[in-house]
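Its first residue numbered 28, the sequence shown is counted upward by one per residue in this note's numbering.
Even for Gly, the Cβ is constructed at its ideal location relative to N, Cα and C.
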Amino acid sequence: MFENFERSQIDGDGCRINVIHGGTGPAVLLLHGYPQNHVEWHKVAPRLATRFSVVCPDLRGYGDSEKPPSTNDDLSTYCKKTSARDQMAVMRQLGHHQFHLVGHDRGVRVGLRLALDYPDSVLSFTNLDVMPSMEAFENMDASLAYSWFHWLLMRHHPLPETIFSANPKLFWTSFSKTGRQFPIVSRTAYKEYFRCFSTLKPSRYVCDYRSVH
């Protein structure tokens with residue numbers, strides 16, 4: 028995967044960010060969703076790289092990026108503003124002061140914060156699949172609550188940490204849609220997702236969901 032791309036460890040906002048980058052042309056930043064990492068883009072990035080300088084980071088707490096400690100009382104380490112600062116630092120250090128931005132799932136929420144905080148740097152923002160959180164919660168019905176159960180579960184410290192620590196594979200294979208091996212997800216990508224997911228301390232990805240701003 029990612030043939031002819033480079034891998035770098037770049038300083039974000041007090042956190043080392045793992046980044047895959049390659050191609051030439053206008054810069055485009057691709058932000059992955061949960062519970063994936065940069066590998067999510069392995070079929071897309073090479074095609075874009077024929078026309079763009081493509082940057083695929085692992086968000087803080089995901090993949091091979093650093094996973095700084097956090098507490099249930101202070102979730103700022105994993106808030107979207109902090110993660111957006113990571114990505115702005117990455118792009119600047121790669122020499123991209125203006126760029127196009129594409130986000131999926133969690134990447135949309137970080138991307139929206141990035142676009143709001145750095146409007147002179149973000150040339151365009153493509154939201155692949157996410158509706159505004161407040162709109163969703165204000166109009167939530169039983170069907171949406173069922174499909175978003177993990178949002179509600181992760182609010183209740185220390186229940187989710189206890190469950191995921193005991194058996195991370197159960198969460199991945201039973202709860203996660205990605206973990207159910209959709210045909211479009213290659214086995215190589217699946218193995219990489221699970222490798223990174225299994226090394227996460229549960230509090231890291233729980234804090235990502237608890238910190239919504």
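Measuring CA to CA, which of the options is closest to residue i?
i, options, result
"THR153", "SER110, SER92 and LEU139", "LEU139"
"LEU150", "PHE224, ASP144, PHE126 and SER160", "PHE126"
"GLN120", "MET161, ASP235, ASN45 and SER103", "ASN45"
"ASN64", "SER170, ASP38, SER160 and GLU93", "GLU93"
"SER97", "CYS42, TRP68 and THR77", "CYS42"
"ASN194", "MET28, ALA76, THR226 and ARG182", "THR226"
"VAL177", "LEU143, ALA76, PHE198 and ASP168", "The question names Val, yet the displayed sequence has His at residue 177. When each option's Cα is compared against that of HIS177, the closest is PHE198."
"ASP235", "MET28, LYS108, PRO73 and ARG74", "LYS108"
How about residue i and residue j: are their beta carbons less than 7 Å apart?
i, j, result
"ASP132", "GLY60", "yes"
"GLU188", "VAL233", "yes"
"GLY122", "LEU58", "no"
"PHE191", "PRO62", "no"
"GLU219", "VAL66", "yes"
"GLN114", "LEU155", "no"
"VAL129", "PRO84", "no"
"GLU243", "HIS48", "Look at the range of the chain in this structure, 28 to 240, and you will see that residue 243 is not part of it."
"SER238", "CYS106", "yes"
Measuring straight from C-alpha to C-alpha, what distance separates residue i and residue j?
i, j, result
"LEU179", "THR51", "42 Å"
"VAL81", "TYR217", "22 Å"
"THR104", "ASP91", "17 Å"
"ALA163", "TYR145", "25 Å"
"ALA172", "VAL71", "31 Å"
"ASP168", "HIS183", "20 Å"
"ARG231", "PRO95", "8 Å"
"PRO73", "PHE221", "23 Å"
"HIS124", "PRO210", "37 Å"
For residue i, collect the residues of the same chain with a Cβ closer than 6 Å to its Cβ; drop the 5 residues on either side in sequence, then sort them by chain order.
i, result
"ASP101", "none"
"ARG112", "ASP40"
"PRO53", "PHE79"
"SER35", "VAL46"
"ILE37", "ILE44, VAL46, VAL117 and GLN120"
"TRP68", "LEU57 and CYS83"
Who are the near neighbours of residue i in its chain, counting only those whose CB is closer than 7 Å to its CB and skipping five residues on each side?
i, result
"LYS110", "In the sequence on display, residue 110 carries Ser and not Lys. So the qualifying residues of the chain are LEU86, ARG87 and VAL137."
With a threshold of 8 Å on Cβ separation, who are the neighbours of residue i within its own chain once the five nearest residues in sequence on each side are excluded?
i, result
"LEU186", "LEU180"
Within the 7 Å Cβ cut-off, does residue i reach chain D?
i, result
"LYS218", "You won't find chain D in this structure, because it holds only one protein chain."
Comparing the CB of residue i with every heavy atom of the ligand SAM, is any distance shorter than 6 Å?
i, result
"ASN154", "Among the components of this structure there are no ligands whatsoever, and the ligand SAM is therefore not found."
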